[in-house]
Structure formats: C-alpha cells, structure tokens
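What follows is one structure encoded as structure tokens, with my remarks underneath.
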Amino acid sequence: ETGVTQTPRHLVMGMTNKKSLKCEQHLGHNAMYWYKQSAKKPLELMFVYSLEERVENNSVPSRFSPECPNSSHLFLHLHTLQPEDSALYLCASSQVPAGGTDTQYFGPGTRLTVL
Amino acid sequence: QKEVEQDPGPLSVPEGAIVSLNCTYSNSAFQYFMWYRQYSRKGPELLMYTYSSGNKEDGRFTAQVDKSSKYISLFIRDSQPSDSATYLCAMRVPGGTSYGKLTFGQGTILTVHP
C-alpha cells in the first residue's frame, strides 16, 4: 500500500447507527486531517492532528468524533448523524512543521450517505 | 465575502483548446498557492505549487500568481480529454502554526470533449 488509504469507500447508514471511517497514511507524515466535501461547496476542514495531538476542531458537531492512535492512523467515529451530513469525507496527511513546500496528500475519500 | 472565490463552471472545451482557470482571494496574508486536480471518485492530487508572483510552468500546465491583484490562474495548453476533472485552488499563510492550514476554492468542473 502506498499514499493515503481510506476505508470504507462507500457507506450508507441510518440516523441511529454508529460507524467509523478509517484512514491510514504510508508516507511517514506526522500530521493528519479530516475534510468534508459537499456538492458546490469548498472543502471544509474538520479536524487536524499534528504529532498525534488534536490542534484543530473546526466547530464540528459532537456527533463526529475523531481518534488518532498514532501518526499513521486516523479514525472518524460517527453517531446519530443527520441527512445533511451526507458528503465525501477526505483524509489527508502532511509533514509538519509547515515549511514552504509542505504538501497535503489526500486519500480517495469515503462517500457517506445518511438515510 | 468568501476568502477564496472560484467559478464552479462547468467549463466545456474542445480537445486542443487552451483552458484558463482562475481564483481570486481577499486575504493578503496568503503567500503559498496550489492547484489540485480531482478526478471523479478520487481524492484531490497536487498539480502545481507556487509561492511567488509570476509564472511557473510544468509541461502543459502554467500557474500564474498576481499578488497585487489577489488573483491566481492555471492555464492548460493543448487540453486533452484526460484533463477532464474538477480543479481546486488552495492557498495558505506562511509559518506561524504547527500545520499548513489550507483555504480552498469551490472547484471548477472542466470537461474536455474529443
């Protein structure tokens, strides 16, 4: 495996379900990110973990709960979601501190549908 | 006002055309500018990265930055059907934080038809 991988690629869940999204990076980076991508909207940064510490929580509702057990793995735990949470959830990683040429590498995303 | 404005399109051009994609921004602190390409059902991939005003060329792609006008462009020469994708501009301020926080445009959907 290379780059950034995400599982599952597609997820359909009811509003009362609990599920988790998984991200793994194979690039040796020390920062990981969760983004939400909705139709006709810019990418929205949700959470950032830098050196395994959460450094950004961008006013995300508590029904989204991130977990970063180590610098290679990132999870997004989901519970009691709403239909408007349906979107593409992207994971990214980068090397910090952020220098002039740091780059975020994205995974393929998880397409989430909330019924 | 959004920090980064990008026309969502869609933009449809014939194969071989020159494509111009643009973003404007309001935050003069932005110093690093990126273009990402996102194919359908894939994550964004970095296409171009620049941190100074002027032009940067990479094959058929040219990134242009005009900081005085707060305007960036991506030009694609001799466009191919394989260039059909969504193009996202992104930018950030230098240093100061423990990670490189990016601000994205909405993305422009481009279709190049044979």
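Protein sequences appear in the order of chains A and B. For this note's numbering, add 112 to where a residue sits in the first sequence, where the first one is 1. For this note's numbering, add 922 to where a residue sits in the second sequence, where the first one is 1. Built from N, CA and C at the ideal position, the CB exists for glycine as well.
Near residue i, which residues of its chain fall below 8 Å by C-beta distance, leaving aside the five closest residues on each side in sequence?
i: MET125 of chain A; result: LYS131, LEU190, LEU193, LEU224, THR225, VAL226 and LEU227
Based on the DSSP secondary-structure assignment, which residues constitute the bridge partners of residue i?
i: MET970 of chain B; result: B:TRP957
i: GLY976 of chain B; result: B:VAL987
i: ARG1014 of chain B; result: B:TYR954
i: THR117 of chain A; result: A:GLU136
i: CYS180 of chain A; result: Looking at the DSSP assignment, CYS180 of chain A forms no beta bridge with any residue, so it has no partner.
i: LEU200 of chain A; result: A:GLN149 and A:ARG223
i: LEU186 of chain A; result: A:CYS135
Quick one: measure Cβ to Cβ for residue i and residue j, integer angstroms, because I've assumed they're closer than 8 Å.
i: LEU157 of chain A; j: LYS1023 of chain B; result: 7 Å
i: LEU123 of chain A; j: THR215 of chain A; result: That belief does not hold up - the Cβ atoms of LEU123 of chain A and THR215 of chain A are roughly 28 Å apart, past 8 Å.
i: SER183 of chain A; j: ASN142 of chain A; result: 5 Å
Do residue j and residue i come within 8 Å of each other at the CB atom, strictly closer than that value?
i: GLU925 of chain B; j: ASN949 of chain B; result: yes
i: THR114 of chain A; j: GLY219 of chain A; result: no
i: LYS153 of chain A; j: GLN1002 of chain B; result: no
i: PRO1037 of chain B; j: TYR958 of chain B; result: Outside the displayed span of chain B (923 to 1036) sits residue 1037 of chain B, for which this structure offers no information.
i: TYR947 of chain B; j: ARG1014 of chain B; result: no
i: PRO178 of chain A; j: PHE159 of chain A; result: yes
i: MET970 of chain B; j: LEU996 of chain B; result: yes
Indicate, with yes or no, if the ligand SAH has a heavy atom lying under 7 Å from the CB of residue i.
i: ASP929 of chain B; result: With respect to small molecules bound, the structure shown includes none, and the ligand SAH cannot be examined in it.
Who are the Cβ neighbours of residue i in its own chain at under 6 Å, not counting the five residues just before and after it?
i: VAL987 of chain B; result: PHE955, THR972, SER975 and ILE994
i: HIS185 of chain A; result: GLU136
Q: Determine, using beta-carbon pairs with one atom in the stretch 1003–1010 of chain B and one in the stretch 1027–1034 of chain B, whether at least three such pairs fall under 8 Å.
A: yes
Q. Taking three-plus beta-carbon pairs below 8 Å as touching, is the stretch 169–176 of chain A in contact with the stretch 925–935 of chain B?
A. no
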